[in-house]
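Trainee: Pasting in a structure now, in structure tokens, and then I'll have a few things to ask.
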Amino acid sequence: MASLRVRTVTNEVYRQIKSDILSGVYRPGERLMEMEIADKLEVSRTPVRDAMIRLEQEGLATIEPRRGIYVRKLSKKDIQNYYELQSALEGLAAQLTAQKRTERDIARFQDLLLQMKACISDPTVDNLQAMIKLNRDFHDLLYTIADNPLLTKTQSTLENPITLIRSIFPLNTVRIHAVYDEHERLVQSIAAGDAAEAKRYAEYHVLRSWKSAEADLEETLD
């Protein structure tokens, strides 16, 4: 029973630190101070240390001997590589979705688009956060309808680094309109059953995100 409690605490600490990294509370390159985190979460240092090792294994943190543990700092090439792979996966997911979609699926996409449109019509901080969730829901739906477990599993390996990248380059009031327009065009292709066009436009959508991120890259990331 004691070991179960230890695992539970470690899992909770892991989830909290991971959430803080992916939401931008801890920035890329920032040192994760073991004692400070333990005090903040009111736990001992052991579960914090175990959680950090797990985060390092998942590619969200780097351990530097005799220096400490840091939030992973991605290079420009790292970011480009992730977006290029994401583009290929999204293209395949969109292609399969266009081939397998039902009228109910299209209705679900249309509902998400309506919610997105409401957000961009009043781009408050809360609505920008809501748009981020809707964007994630949109892409999750794409993989759900594609119904290819191997594709979904492969995509899941990119989830952490892509979320980390998005915390560095969050949606802004300019990009948010482009995202909506690109999603709308993609849904039109899927609804028409045009698998080739859906694939092409999904790839384009992701690469547009890369170009937007590339334009915002600071010299310190090079």
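1 is the number of the first residue of the sequence shown in the UniProt record's numbering; add one for each residue after it.
Ideal Cβ placement from N, Cα and C applies to all residues, glycine included.
1. Which same chain residues, not among the five before or five after residue 8, have their C-beta less than 7 Å away from its C-beta?
2. Between residue 116 and residue 26, which are expected to be in contact by the criterion C-beta below 8 Å, what is the C-beta distance as a whole number of angstroms?
3. Any idea what DSSP makes of residue 62, helix, strand or coil?
4. Answer yes if the segment 11 to 22 comes into contact with the segment 159 to 175, meaning at least three C-beta pairs across the two stretches below 8 Å, and no otherwise.
5. Between residue 69 and residue 38, what straight-line distance do the alpha-carbon atoms span, to the nearest angstrom?
6. From the DSSP output, read off the bridge partner residues of residue 71.
7. DSSP state of residue 27, grouped into three classes?
8. For the segment 82 to 153, which segments carrying the alpha helix (DSSP H) assignment without a break, of at least 4 residues, lie completely within its bounds, in sequence order?
9. Quick one, are the C-beta atoms of residue 190 and residue 93 less than 7 Å apart?
10. Are the segment 78 to 90 and the segment 203 to 219 in contact at 8 Å, needing three or more beta carbon pairs?
11. Have a look at residue 160 and residue 17 and give me their C-alpha separation to the nearest angstrom.
12. For residue 32, count neighbouring Cβ atoms within 10 angstroms of its own Cβ and tell me buried if that reaches 16, exposed if not.
13. Do residue 145 and residue 100 have their C-beta atoms closer together than 7 Å?
14. From residue 124 to residue 130, what does the alpha carbon distance come to, in whole angstroms?
15. At which residues does the alpha helix (DSSP H) containing residue 197 begin and terminate?
16. Excluding the five sequence neighbours on either side, which residues of its own chain have a C-beta within less than 8 Å of the C-beta of residue 43, listed in chain order?
17. How is the alpha helix (DSSP H) around residue 178 delimited, first residue to last?
18. Given that a residue counts as buried once 16 or more other Cβ atoms are within 10 Å of its Cβ, and exposed if not, what is residue 156?
19. Skipping 5 residues on each side, what residues in its chain have a beta carbon closer than 6 Å to that of residue 185?
20. Report yes or no: is there a C-beta of chain E within less than 7 Å of the C-beta of residue 58?
Mentor: On the basis of the supplied data:
1. none
2. At roughly 29 Å, the Cβ-Cβ gap does not stay under 8 Å, so residue 116 and residue 26 are not in contact.
3. strand
4. yes
5. So the alpha carbons of these two residues sit roughly 14 Å apart.
6. 61
7. If DSSP states are grouped into helix, strand and coil, residue 27 belongs with coil.
8. 103 to 121 and 125 to 146
9. Taking 7 Å as the Cβ cut-off, residue 190 and residue 93 do not qualify as a contacting pair.
10. yes
11. 13 Å
12. buried
13. Yes.
14. 10 Å
15. 195 to 216
16. 9 and 13
17. Counting along the chain, the alpha helix (DSSP H) containing residue 178 begins and ends at 175 to 191.
18. exposed
19. 201
20. Judged by its chain identifiers, the structure shown contains no chain E, having just a single protein chain.
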